[in-house]
Amino acid sequence: MQTSSMPLWALSVILSCAACGSGSGPSDAGADSSTASADSGARDAGRRDAGRRDAGRRDAGRPRTDAGPPRTDAGPPPTAADCAGAEVLCVDDTAGPTQEYATIQEAVDVATAGDTVLVFEGRYVGFRVATSGTAEARITIRAVGTVVLTGPTSGSDNVVRIQNASYVTVDGFRIAGAGTARPYDYDFAGMAARGANPGSPMRGLVVRNMEISGSSPAGFYCSECAGLRLEGNFIHDNVRETEGGNGMGVYLSNAATDNVVVRNNRFEDNAGPGIHMNGDSSIGGDGVQTGDLFEGNTFIGNGQNGLNMDGVQDVVFINNVFADNARHAIRGFQIDAAAGPSGYTIINNTFALNADTPVKFTADGGGHVLFNNLLVANSGNDFDIAESTPMLSANLMESSASGVLMNAATRNYRLAAGSSAINAGVASFGGYDAPSVDFAGAPRDATPDVGAFEN
Ligand SMILES: [Ca+2]
Ligand SMILES: [Ca+2]
181 MQTSSMPLWA LSVILSCAAC GSGSGPSDAG ADSSTASADS GARDAGRRDA
231 GRRDAGRRDA GRPRTDAGPP RTDAGPPPTA ADCAGAEVLC VDDTAGPTQE
281 YATIQEAVDV ATAGDTVLVF EGRYVGFRVA TSGTAEARIT IRAVGTVVLT
331 GPTSGSDNVV RIQNASYVTV DGFRIAGAGT ARPYDYDFAG MAARGANPGS
381 PMRGLVVRNM EISGSSPAGF YCSECAGLRL EGNFIHDNVR ETEGGNGMGV
431 YLSNAATDNV VVRNNRFEDN AGPGIHMNGD SSIGGDGVQT GDLFEGNTFI
481 GNGQNGLNMD GVQDVVFINN VFADNARHAI RGFQIDAAAG PSGYTIINNT
531 FALNADTPVK FTADGGGHVL FNNLLVANSG NDFDIAESTP MLSANLMESS
581 ASGVLMNAAT RNYRLAAGSS AINAGVASFG GYDAPSVDFA GAPRDATPDV
631 GAFEN
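The numbers in our numbering rise by one with no breaks, and the one at position 11 of the sequence shown is 191.
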């Protein structure tokens, strides 16, 4: 078991998730199984930055989650001067000093390990990456300014496709409206990484600062993606296929999709679940996804479960906001995977106004620790966990958002003045410390508040 006061980051390194199931899900799971996986590389907390994604890139008219998670950035934006670098390939649709290539694909086709493709502001056809970087010298394809991808390079591809390649970073592109009606076929997610197998997954993929909407059957689909890292993405309003299925924001598929880091993303208003995960034992491998970390994300307004988890184990949730989802916030089960949920550590999350119990586990292997979570006005405002004795402490259930949250109607889930959640948490429990910062990156004091925000 855990040692006393183990830092959460150390914990997340130790944990590993073996199976994040595939499959059709229980009646309240909905999404189905098949392909995606992802792999994440190193984590570099120091690269966060709040400034990058401005309000102009968000849908007008929908309330923005108040004080959204810190955005992820790699430092000051590149300029034309960077194009002189031997390992920098510059793409611009306008002639000039930044136009070494006129299409993204031309640059990607010649990029090798250690190269960075910079794509300057404009509208472009998407691209397909089939070359790997290395752990020490990744291939980065990065948008500079607002870069809108208008469609795939061919009619039978994703707008962005990583084809069995490792150590690739895709950063900052906008994919909108890819969801034209198509047959039920996973090839047509807005972005996909696929083509690997359980014995030899893709590794070290990083997908960051993307905005993906209007796609079906998913915004992003990743199959056999060990160590995928999703950071600072806004995945919203993805749509169902004409057959009526799916419509998830992200689909993390198959058994080698382990050790995924999901940090500071927004998964909002997708037709299906915010994320569907599936360990799918029929595809091979250990049949489970293990070792994932979810920190500082929003799962809001999705048309199904916030997270739909078939065979996902040893997972940590810290400082996430789950609100207004049409079913559960977190739903762990076993249908296509080799085993059900076990070993969930759920600390300082806010669950508000979801239409079913915030956390539900069936086929449950137990070993869960849940503390400092705030449950507000969910339908069935409690945990529904099959394990008879999960470790629970300082979880606060309130039947109304009034006086507890700032303004749930405008998606402001900060604590109201005088909220019962203030200073209602514990500093540590079950061998785990409460996080040192809150959802927005602000320090927590010695008496942590309950939920994702420190007042
Ligand atoms: Ca696995
Ligand atoms: Ca406090």
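For each residue, glycine too, the CB sits at the ideal point set by N, CA and C.
Residue j beta carbon less than 7 Å from that of residue i
{"i": "G454", "j": "G486", "result": "yes"}
{"i": "G313", "j": "I319", "result": "yes"}
{"i": "V419", "j": "A376", "result": "no"}
{"i": "G545", "j": "G583", "result": "no"}
{"i": "T400", "j": "V442", "result": "The amino acid occupying residue 400 in the given sequence is Phe; Thr does not appear at that position. No, the Cβ-Cβ distance between F400 and V442 is not below 7 Å."}
{"i": "V556", "j": "T525", "result": "no"}
{"i": "T311", "j": "A345", "result": "yes"}
{"i": "A532", "j": "A503", "result": "yes"}
{"i": "R388", "j": "D449", "result": "no"}
DSSP state of residue i mapped onto helix, strand, coil
{"i": "S380", "result": "strand"}
{"i": "F447", "result": "strand"}
{"i": "G248", "result": "In this prediction, G248 has a pLDDT of 43, which is less than 50 and means its spatial position is unreliable; nothing more can be read from the coordinates."}
{"i": "I284", "result": "helix"}
{"i": "V630", "result": "coil"}
{"i": "D239", "result": "A caution first: D239 carries a pLDDT of 31, below 50, which makes its placement in the model too unreliable to give a value."}
{"i": "D613", "result": "strand"}
{"i": "T525", "result": "strand"}
{"i": "A588", "result": "helix"}
{"i": "I319", "result": "strand"}
{"i": "V556", "result": "strand"}
{"i": "F619", "result": "coil"}
{"i": "A264", "result": "helix"}
Residues that residue i bridges to, as DSSP identifies them
{"i": "S403", "result": "S433"}
{"i": "S573", "result": "F551"}
{"i": "Y304", "result": "L329"}
{"i": "I355", "result": "L329 and I392"}
{"i": "H508", "result": "Partner(s): none; H508 has no beta bridge."}
{"i": "I342", "result": "V309 and A373"}
{"i": "P257", "result": "The partner list for P257 (beta bridge, DSSP) is empty, contrary to what the question assumes."}
{"i": "D490", "result": "N458 and F513"}
{"i": "F563", "result": "V539"}
{"i": "A503", "result": "I480 and A532"}
{"i": "R409", "result": "V386 and V441"}
{"i": "T349", "result": "T320 and V386"}
{"i": "A291", "result": "Bridge partners of A291: none, in fact."}
{"i": "V148", "result": "The chain is shown only over 181 to 635; residue 148 falls outside these bounds and no answer can be derived."}
{"i": "I498", "result": "E475 and I527"}
Cβ-based burial, residue i [other Cβ within 10 Å; buried from 16]
{"i": "P258", "result": "buried"}
{"i": "D562", "result": "exposed"}
{"i": "P277", "result": "exposed"}
{"i": "E316", "result": "exposed"}
{"i": "A436", "result": "buried"}
{"i": "G236", "result": "With a pLDDT of 26 at G236, under the threshold of 50, the predicted position of this residue should be treated as unreliable, and no value is reported."}
{"i": "T296", "result": "buried"}
{"i": "V581", "result": "It is worth fixing the name first, because residue 581 is Ala in this sequence and not Val. Flag for A581 reads buried."}
{"i": "D438", "result": "buried"}
{"i": "G476", "result": "buried"}
{"i": "T478", "result": "buried"}
{"i": "T330", "result": "exposed"}
{"i": "E404", "result": "buried"}
{"i": "T590", "result": "exposed"}
{"i": "S616", "result": "exposed"}
{"i": "G306", "result": "buried"}
{"i": "G265", "result": "exposed"}
query = Do the segment 371-386 and the segment 328-340 meet, that is, are 3 or more Cβ pairs less than 8 Å apart?
reply = Result yes; three or more Cβ-Cβ pairs closer than 8 Å.
task = Assess, as a yes-or-no matter, whether the segment 322-330 is touched by the segment 301-308 under the definition of 3 or more beta carbon pairs within less than 8 Å.
result = Enough Cβ pairs lie closer than 8 Å, so yes.
message = For the pair the segment 414-428 and the segment 380-387, tell me if three or more CB-CB distances fall below 8 Å.
response = Output reads no: the segment 380-387 does not touch the segment 414-428.
Inter-stretch contact at 8 Å, needing at least 3 Cβ pairs: the segment 504-516 / the segment 478-492 = Verdict: yes, contact present.
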